Amino acid sequence: MTVETDLLGRKLDATEIEVLQLYRRAKSLAGRTELPPCVRANARVAMVGLWNIVNDLALDHEQLTDLDA
Amino acid sequence: MGGTEYWNPKTEALSRDDLDALQLAKLRRLAEWAGARSPYYRKAFAAAGFSPDRLHRLADLRRIPMLTREEWMASQAEEPPFGRLPAISSTQAIRLHTTSGTSGREPLRTLDTAKDWSWIAEMWCYGLWGFGVRPHDVGYVAFGYGTFIGFWGLHYALEKLGALNVPGGAQTTENRIRQIVDWGATVVASTPTYALRLAQEAQALGLDLPGSQVKRLVLSGEPAGSIPQTKALIERQWGAKAGDTAGMTEIGTIMMFECDHQPGGAHIIEDQVIEEVVDPDTGEPVGYGEQGERVVTSFGRGSVPLLRYRTADLVVKVPSSTCTCGRGFDIYAGGILGRIDDMKLVRGTNVYPRAVEAIVRDYPAIDEFQIRLTREEGIRDEITLRVELVPGTSDGTWGELADRLRRDLAAAHEGLRFTVERAAEGELPRFELKARRTVDLRETPIGS
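So the protein sequences, as listed, match chains Z and D. Heads up: the first sequence is residues 5 to 73, going by our numbering. Heads up: the second sequence is residues -11 to 436, going by our numbering.
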């Protein structure tokens, strides 16, 4: 199993792992085009909120334009 | 990850080396993004022979060509309405904002995606939390909401951190100050100039501002938030603590904030931006304690990437250890000290509006002022300070006040003779956003 690290090369703690997993799941949900507008739009809001945690904690840094955010 | 003094305890207390490493990691991704998605950067990188894989250490940042406002403006004019900088199409954006237009130039137009807009509020959260704003606070935003970005980010930051947000747009000054007092606002956001205007209105209405619930003023939009004399005047009139912040439409938000320890400057939010200070003539970096021009690289706004943007703001960077708060974020001592194009040359002497304001604010009898530059007989530059006195000030005090003011101004400007004129009550303009108190009626300063 690969040990994930943050942008500083530090091993993630349990909260950080949880945040990263939630973020990836929100991205996956926000990217599904077959979902009704209420699901996609609110999944996008959740994804953007999680992006801020991921960015602030230096877990990852990316743009989300391809997911309309 | 506990602790309540920092919005983001993980990065705000990082060491210099760790901050540099984090900035390099984010910079690589931003440069890749900009090079791949922004037509402007694709061309600029190619012209400079730069590619993101050349970023091996943070100092390699200097391989990236700088961007000026003029270049951005030219791009906007060539391909209106947004130019070639955006990495997205306008259909992918959720917000459109512009610069204030107070400089008289064509405003810059920016786009933000949902993610960018959320980051913009996040940046204000660093500042508000760092200055002591908490969920129990009632925040009043004394701002005319519009396309100028101003306090929009602060508005959403108040909500994000859980405070009660009172959006004070589309109001008269009288209504605003009554709402601030009647609704128990504990935090007020405004420009420094407008904070003074609100205090003046409170006085005229007989409202006891120092006795109100207001505990903190969050200032932005003008360098005056860090002019000690102006800040002291605001704190005295409100009976509250004033904290400076500074941002710009080009990054959409603030990039620095004064923390609750009030170190005489503002911390740079260094996990989210890179702030270089360079010699304005050579573009070479200057060291701690030396004045230079701010050059900003912002990681958060992906829609309009900003790499090495020359701001024309003058600053002096000092180490984070200058403050006792424990943050690793370096500080701009005295905030934004002025703009390169603010400096006026009068008969061979440099005059900075900030320095004039610092003198004027030591005179409690002066309510408003304006600096006028004229050319007499086509050859001789003159500088006049026009002042409006606080209503009710005795006429008998004018002669002595004008003499003293003239002497103080001359002493601070190598003996330069200022004409000091009294303006009638209400004659000088008042400002809600950025104040424009310097009126230069010359074409080109003699000797420039």
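We put the beta carbon where it would ideally sit given N, CA and C, even for glycine. Computed from a predicted structure; not experimentally measured.
Counting along the chain, no alpha helix (DSSP H) covers D/S286; the unbroken beta strand (DSSP E) around it starts and ends at 279 to 286.
For D/P307, the closest alpha carbon among the candidates D/R335, D/A300, D/E258 is that of D/E258. Annotation for D/C313: C247, H249 place their beta carbon closer than 6 angstroms to its own, counting only its chain and skipping 5 residues before and after.
DSSP places D/E223 in the uninterrupted alpha helix (DSSP H) bounded by 216 to 226. Fewer than three beta-carbon pairs drawn from the stretch 348 to 358 of chain D and the stretch 290 to 306 of chain D are found closer than 8 angstroms, and the two stretches are therefore not classed as touching.
Using a 10 angstroms sphere on the CB of D/P40, the tally of other CB atoms reaches 16 or more, which defines it as buried. Around the beta carbon of Z/P40, a 10 Å sphere encloses fewer than 16 other beta carbons of the protein chains shown; the residue is thus reported as exposed. Note on D/Q358: 16 or more other CB atoms within 10 angstroms of its CB, so buried under the neighbour-count rule.
Using a CB distance below 7 angstroms, the part of the stretch 13 to 41 of chain D facing chain Z consists of A13, K14, R17, W21, ordered along the chain. For D/G316, the closest of D/I76, D/D100, D/M244 by C-alpha to C-alpha distance is D/M244. Residue environment: D/P123 is assigned as exposed (fewer than 16 neighbouring CB atoms within 10 Å of its CB, all protein chains considered).
Taken in chain order, the members of the stretch 57 to 91 of chain D whose beta-carbon sits within less than 8 angstroms of a beta-carbon on chain Z are A75, I76, Q80. In this structure, the beta-carbon distance from D/G323 to D/P211 falls below 8 angstroms.
Of all C-beta pairs linking the stretch 335 to 346 of chain D to the stretch 277 to 289 of chain D, fewer than three are shorter than 8 angstroms, placing the two stretches out of contact. For the options D/I367, D/D301, D/I319, D/E94, the alpha carbon positioned closest to that of D/R327 is the one of D/D301.
Taking 8 angstroms as the upper bound on Cβ-Cβ separation, chain Z lies near residues F287, G288, G290, S291 of the stretch 280 to 292 of chain D. With distances taken between CA atoms, D/I262 lies nearest to D/R296 out of D/R296, D/A109, D/E272. Beta-bridge pairing by DSSP links D/S178 to D/L207. If you look at D/I354, you'll find it in the beta strand (DSSP E) that goes 354 to 364.
For D/I371, the enclosing beta strand (DSSP E) covers residues 368 to 377. Rounded to whole angstroms, the gap between the alpha carbons of D/I256 and D/V304 is 12 angstroms. At a Cβ-Cβ threshold of 8 angstroms, D/S63 and D/R72 count as neighbours.
Among the residues of chain Z, those whose CB is under 7 angstroms from the CB of D/L10 are L11, L12, A62, following chain order.
In the structure shown, D/R25 adopts helical secondary structure according to DSSP, grouped into three states. Going by C-alpha positions, D/E413 is about 7 angstroms away from D/P379.
If you look at D/G253, you'll find it in the beta strand (DSSP E) that goes 253 to 256.
For Z/N56, the nearest beta carbon of chain D is closer than 8 angstroms to its own beta carbon.
Its Cα nearest to that of D/R410, the residue D/L389 stands out among D/L389, D/R425, D/Y128. The C-beta of Z/G53 comes closer than 8 angstroms to at least one C-beta of chain D.
Using a Cβ-Cβ cut-off of 7 angstroms, Z/A73 is close to T101, A102, K103 of chain D, given in chain order.
Residues of chain D whose Cβ lies closer than 8 angstroms to the Cβ of Z/L16 do not exist, since the nearest Cβ in that chain is about 11 angstroms away. With distances taken between CA atoms, D/K14 lies nearest to D/T285 out of D/G213, D/T285, D/A321. Residue burial annotation: Z/C42 is exposed, with fewer than 16 other C-beta atoms found within 10 angstroms of its C-beta.
By the neighbour-count criterion, in which a residue is buried when 16 or more other Cβ atoms sit within 10 angstroms of its Cβ, D/G231 is buried.
Shown here for Z/G35: same chain residues with a beta carbon closer than 6 angstroms to its own, the five before and five after excluded, namely L71 in chain order.
When the Cα atoms are used, D/A192 and D/E365 turn out to be separated by approximately 43 angstroms.
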